[in-house]
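Notes to accompany the following structure.
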């Protein structure tokens, strides 16, 4: 993707599960993941964007309502801060006073226009597709598919790290286990 738009996004499913005071989403997460975060934290990490923010190659545009009760604004704030700390290109728009049972509840006309312009920027400001560096390390959350190779861990619930070199056609596990195939 030449750019990414992630509005009202969940970046850490374990944190979201644990902060779900109403229990509204636990009944969905338990069957999807197969357990609670307390029972298998890595299973939740393997499904969370915060785990793979290290891999980010495209600019990310994130927007979130300050008062969103369903997906707390901290989900976007933490991802954005981590992306910046890793030197990634990230843009963040927090909509003050916005959020109720609908993510954009209480949005003003001015905020709505600002939000639309922000999302439009993600679509028009970037034209070049991302390019995987010739060598490096990547985090694998369950599986990873690139133009050059694929990695499938021994469980979708696992997280691993690989080291790769495209010129040498080498991919090795730094930690974890699974199947690596060149394409």
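Residue numbers (this note's numbering): 9 to 191.
Beta carbons: idealized from backbone N, C-alpha and C, even for Gly.
Just so we're clear, the structure is a prediction, and the values are computed from it rather than from any experiment.
Item, Value
"Is it the case that the Cβ atoms of residue 73 and residue 33 are separated by a distance below 8 Å?", "no"
"Could you please give me the residues that DSSP links to residue 15 through a beta bridge?", "71"
"Out of curiosity, what's the CA-to-CA distance linking residue 146 and residue 188?", "13 Å"
"Between which two residues does the alpha helix (DSSP H) holding residue 189 run?", "No alpha helix (DSSP H) contains residue 189, which is instead part of the beta strand (DSSP E) from 186 to 190."
"If you pair each beta-carbon of the stretch 70 to 86 with each one of the stretch 102 to 118, do three or more pairs fall below 8 Å?", "yes"
"Identify the continuous alpha helix (DSSP H) that holds residue 152 and give its terminal residues.", "Unbroken run through residue 152 is the beta strand (DSSP E), 151 to 153; no alpha helix (DSSP H)."
"Should residue 5 go down as buried or exposed, given a rule of 16 or more other Cβ atoms within 10 Å for buried?", "Because the chain is modelled from 9 through 191, residue 5 falls outside the range shown and cannot be assessed."
"Of the residues 149, 78, 185, 172, which one's Cα is nearest the Cα of residue 27?", "78"
"Excluding the 5 residues flanking residue 157 on each side, which residues of the same chain have their C-beta closer than 8 Å to its C-beta?", "172, 179, 188, 189, 190, 191"
"Hey, residue 52 and residue 22: beta-carbon distance below 8 Å or not?", "yes"
"Is it true that the CB of residue 91 sits closer than 8 Å to the CB of residue 131?", "no"
"Closest to residue 48 by CA distance: which of 170, 176, 166, 175 is it?", "166"
"Skipping 5 residues on each side, what residues in its chain have a beta carbon closer than 8 Å to that of residue 38?", "44"
"I'd like to confirm the pairing. Which residues does DSSP put opposite residue 102 in its beta bridges?", "72"
"Apply the 10 Å Cβ neighbour rule to residue 20 and answer buried if 16 or more other Cβ atoms are within range, or exposed otherwise.", "buried"
"With the cut-off set at 8 Å, would you say residue 161 and residue 148 are in Cβ contact?", "yes"
"Going by DSSP in three states, residue 160 sits in which element: helix, strand or coil?", "strand"
"Taking 8 Å as the cut-off, decide whether the C-beta atoms of residue 7 and residue 94 are in contact.", "What is shown of the chain runs 9 to 191, which leaves residue 7 out entirely."
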